[in-house]
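Participant:
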Amino acid sequence: MNKKRMWIIRGCTLLAVLAIAAVMLVVGRGHTVYIDNKALEYNGQTFEAMYRSEVWVGGERLSKLAKKERTMSTVIGQGFEMNLINTANKGDDPSEVSVKLSLPYGWDGIVVNLPGYLAGLPQEAWMTEFIPAPEPASEEDEEPETFEDEIPMGDI
Amino acid sequence: MSSVNQKGGSRSVGKTVRSFLAGNSVPIMFILICAVCIPISGFSPDYLLNEIITRLGRNAFLILSLLIPIMAGMGLNFGMTLGAMAGEIALIFVSDWQIWGIPGVILAMIVSVPFSVVLGWFCGKIMNMAKGREMITSYIISFFINGVYQLIVLYMMGSVIPIAHSSIKLPRGYGIRNTVGLLNMRQCIDNLLAIRIGGVKIPALTLLIIALMCLLIVWFRRTKLGQDMRAVGQDMQVARDAGIQVERTRIISIIISTVLAGFGMILYLQNIGNLSTYSAHSQVGMFCIAALLVGGASVDRASIGNVFLGVILFHLMFIVAPQAGAKITGDSMIGEYFRVFVSYGVITMALIMYEMKKRRQKASIGEQLALAQKEGLQHE
Numbered sequence: 049m050n051k052k053r054m055w056i057i058r059g060c061t062l063l064a065v066l067a068i069a070a071v072m073l074v075v076g077r078g079h080t081v082y083i084d085n086k087a088l089e090y091n092g093q094t095f096e097a098m099y100r101s102e103v104w105v106g107g108e109r110l111s112k113l114a115k116k117e118r119t120m121s122t123v124i125g126q127g128f129e130m131n132l133i134n135t136a137n138k139g140d141d142p143s144e145v146s147v148k149l150s151l152p153y154g155w156d157g158i159v160v161n162l163p164g165y166l167a168g169l170p171q172e173a174w175m176t177e178f179i180p181a182p183e184p185a186s187e188e189d190e191e192p193e194t195f196e197d198e199i200p201m202g203d204i
Numbered sequence: 249m250s251s252v253n254q255k256g257g258s259r260s261v262g263k264t265v266r267s268f269l270a271g272n273s274v275p276i277m278f279i280l281i282c283a284v285c286i287p288i289s290g291f292s293p294d295y296l297l298n299e300i301i302t303r304l305g306r307n308a309f310l311i312l313s314l315l316i317p318i319m320a321g322m323g324l325n326f327g328m329t330l331g332a333m334a335g336e337i338a339l340i341f342v343s344d345w346q347i348w349g350i351p352g353v354i355l356a357m358i359v360s361v362p363f364s365v366v367l368g369w370f371c372g373k374i375m376n377m378a379k380g381r382e383m384i385t386s387y388i389i390s391f392f393i394n395g396v397y398q399l400i401v402l403y404m405m406g407s408v409i410p411i412a413h414s415s416i417k418l419p420r421g422y423g424i425r426n427t428v429g430l431l432n433m434r435q436c437i438d439n440l441l442a443i444r445i446g447g448v449k450i451p452a453l454t455l456l457i458i459a460l461m462c463l464l465i466v467w468f469r470r471t472k473l474g475q476d477m478r479a480v481g482q483d484m485q486v487a488r489d490a491g492i493q494v495e496r497t498r499i500i501s502i503i504i505s506t507v508l509a510g511f512g513m514i515l516y517l518q519n520i521g522n523l524s525t526y527s528a529h530s531q532v533g534m535f536c537i538a539a540l541l542v543g544g545a546s547v548d549r550a551s552i553g554n555v556f557l558g559v560i561l562f563h564l565m566f567i568v569a570p571q572a573g574a575k576i577t578g579d580s581m582i583g584e585y586f587r588v589f590v591s592y593g594v595i596t597m598a599l600i601m602y603e604m605k606k607r608r609q610k611a612s613i614g615e616q617l618a619l620a621q622k623e624g625l626q627h628e
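If you want it as structure tokens, here you go:
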């Protein structure tokens, strides 16, 4: 009976640890969000970039985007919030927009096109995956130092 | 009469002072070295305090992992490198899965556990086959497992073990780069709840984790398993006669040490902010053991106090020695060499002192036995 109870406790502990790991996998997923103020063509229609767009994330101004400019932010988790202060054309009054996005779990880098989003287009039009260009091979990375007999003191 | 008492009192004070100096010769030597080097180096107290607190948060957990095998009479666990490797493998996976911040650290700790348990069990099994030679055995095991680690990380990751991100993979398509960036979890634990007092940053959460670890060790010593380990550490035969499963207890102590070393390595690397894939673990055991010995521990006796005193003194010497060396000789490399040979020297000294103490004990037991035999013969 005691042994049975012990195994139950061990099993429950293991399950609890696995549950914590699963939660960490979800809540800790990091993304890099690239925010573009670039013209977007969708279904033959062109959505023009804004004259200026101020991007605020977490109460701090991230960037003031002019036409054809991009900024980026990192986020942990699948929810991303930002505030935009947009000026559509030179001389226009700025308007403030709050944006809440749900980010796909599997994408590391996500490009958000602001003109497309503000025009109310479907998500696949304004949200795309950012795929970095492959890096050229460097000699240093081709042959890693596998074993050092000397003492690397720098990090200590 | 009073002069006799005075003489006797001063003799006993002298004996106490002498035994204190003999018992704490290593920390006293380091205090003297630091006392000489600090003014020469010219570092400000703020800078030194900042550095010491940072290094305390970075290294203390790793060094605490050494206490349990010492308690079980297995000496200084050079096999803690195995735990460090488990922690590194977990960090490589977590980096590949792009889990950032504190969740990344927690996940890495969870992922490191099975690797640490398997490696600790393997190490414990072999150490049971080499009783009395645990330290050299664990030292050589760490070299062996380092080879296996390099085989896995250099050839199997990316080819057999799926690694998705090209940022951590070598350009050839398999194997892990020399350096894996941990920027997205860099100092995430140190910065959370950090307090600034007069320009000195105190990583409160890290220190809290270390304090909890200390409490856990104190509590563990009082548990049945902790008592068993102490009994095994004192005398294996007596412990066996008392019904303690000696081999099992020793394996458990090494497993606990390896798991804690894995956690410690993850805390260490989150502070550094990058992982030197092929060399980060190689000297960790050596430096942690040197720091513990500098704190006044020996092969068969170590306390939590030794850990903290050791980190402070050893790392104080690490910080000030190169600068002091540069000021005295005009060459900073002298200071670098100095701290290298001190690290190895202190371990050598501790091993020699331990061996001398053991021989002295053996000789005194022999003498007592001979005396008892002589007395027995005289009575007859």
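Line by line, the protein sequences give chains X and H.
Per my numbering, residue 49 is the first one in the first sequence, and the count goes up by one each step.
Per my numbering, residue 249 is the first one in the second sequence, and the count goes up by one each step.
Cβ atoms here follow ideal geometry from the backbone N, Cα and C, with glycine treated the same way.
Just so it is clear, the structure is predicted and the values come from calculations on it, not from any experiment.
1. For the 8 Å Cβ check, are there 3 or more pairs between the segment 435–446 of chain H and the segment 274–291 of chain H?
2. Three Cβ pairs or more, each shorter than 8 Å: is that satisfied between the segment 571–588 of chain H and the segment 335–351 of chain H?
3. What residues from chain X crowd round Q346/H, counting only those whose CB sits closer than 7 Å?
4. Using a Cβ cut-off of 8 Å, which residues of the segment 326–338 of chain H contact any Cβ in chain X, in chain order?
5. Where does F589/H sit, in a helix, a strand or coil, going by DSSP?
6. Cutting at 6 Å between CB atoms, please list the residues of its own chain near E129/X, excluding the five before and the five after it.
7. With a threshold of 16 other CB atoms inside 10 Å of the CB of T596/H, please say whether the residue is buried or exposed.
8. By Cβ distance, which residues of its chain are closer than 8 Å to L312/H, with the 5 residues on each side in sequence left out?
9. Spatial neighbours of P451/H within its chain, please: CB distance less than 6 Å, with the 5 preceding and 5 following residues excluded, ordered by chain position.
10. Could you check whether the segment 78–88 of chain X touches the segment 157–171 of chain X, counting it as contact only if at least three pairs of C-beta atoms, one from each stretch, sit closer than 8 Å?
11. Three Cβ pairs or more, each shorter than 8 Å: is that satisfied between the segment 328–343 of chain H and the segment 471–486 of chain H?
12. Excluding five sequence neighbours on each side, which residues of the same chain lie with their C-beta closer than 8 Å to the C-beta of D197/X?
13. Which first and last residues belong to the alpha helix (DSSP H) in which Y153/X is found?
14. At the 7 Å Cβ level, is L355/H part of the contact set with chain X, yes or no?
15. Report buried or exposed for R303/H, applying the criterion of at least 16 other Cβ atoms within 10 angstroms of its Cβ.
16. Give me the Cβ distance between V401/H and T497/H, rounded to the nearest whole Å; I'm assuming they're in contact under 8 Å.
17. Would you kindly report the start and end of the unbroken alpha helix (DSSP H) that includes H563/H?
18. Measure the beta-carbon distance from M285/H to M565/H and round it to whole angstroms, keeping in mind my assumption that it falls under 8 Å.
19. Can you tell me which residues form a DSSP beta bridge with H79/X?
20. Grab me the residues of A487/H's own chain with a C-beta within less than 6 Å of its C-beta, minus the 5 sequence neighbours each way, in chain order.
21. Is it the case that the Cβ atoms of A550/H and L315/H are separated by a distance below 7 Å?
22. Where do the N-terminal and C-terminal ends of the beta strand (DSSP E) with Y90/X fall, by residue?
23. Check whether chain H comes within 7 Å of I124/X, counting only Cβ atoms and requiring the distance to be less than that.
24. Which term fits W55/X, buried or exposed, when burial requires 16 or more other beta carbons within 10 angstroms of its beta carbon?
25. Does A97/X come within less than 7 Å of chain C when only Cβ atoms are used?
26. Could you work out which residues of chain X lie near G349/H, taking near to mean beta carbons separated by less than 8 Å?
27. If you follow the alpha helix (DSSP H) that W369/H is part of, which residue opens it and which one closes it?
28. By a C-beta neighbour count over all protein chains shown, 10 Å radius and 16 as the cutoff for buried, is Y516/H buried or exposed?
29. Less than 7 Å between C-beta atoms, sequence neighbours within five positions excluded: which residues of the same chain meet that for F468/H?
30. Count the other C-beta atoms from every protein chain shown that fall within 10 angstroms of the C-beta of E382/H, then say buried if there are 16 or more, exposed otherwise.
31. Going by DSSP, which residues form a beta bridge with V160/X?
32. With distances taken Cα to Cα, identify the nearest neighbour of I384/H among G533/H, D476/H and I520/H.
33. Strictly below 8 Å CB to CB, what residues from chain H border M72/X?
34. Just to confirm my understanding: we take K263/H, look at its own chain, exclude 5 residues before and 5 after, and list those with CB closer than 6 Å. What are they?
35. Hey, N298/H and V408/H are a contact pair by Cβ (cut 8 Å); roughly how many whole angstroms apart?
36. What is the rounded straight-line gap between the Cα of Q126/X and the Cα of Y153/X?
Facilitator: Taking the definition as stated:
1. no
2. no
3. R77, G78 and D156
4. none
5. helix
6. K148
7. exposed
8. I458, M461, C462, I465, L508, G512, I552 and V555
9. G305, D438 and A442
10. yes
11. no
12. Confidence in D197/X is poor, its pLDDT being 47 and thus under 50, which makes the residue's placement unreliable; the coordinate value appears in the next sentence. Counting only Cβ-Cβ distances below 8 Å, and skipping sequence neighbours, we find nothing.
13. No alpha helix (DSSP H) holds Y153/X; DSSP gives it neither H nor E.
14. yes
15. buried
16. About 33 Å; that fails the 8 Å criterion.
17. I552 to T577
18. Before going further, note that residue 285/H is Cys rather than Met in the sequence given. Right, their Cβ atoms sit about 7 Å apart.
19. V123/X
20. A479, V480 and V494
21. yes
22. L88 to Y90
23. yes
24. exposed
25. No chain C appears in this structure, whose protein chains are X and H.
26. G76, G78 and I124
27. G349 to M377
28. buried
29. G474
30. buried
31. I83/X and M175/X
32. G533/H
33. I347, P351, G352, I354, L355 and I358
34. none
35. No, N298/H and V408/H are not in contact; Cβ-Cβ is about 44 Å, not under 8 Å.
36. 7 Å
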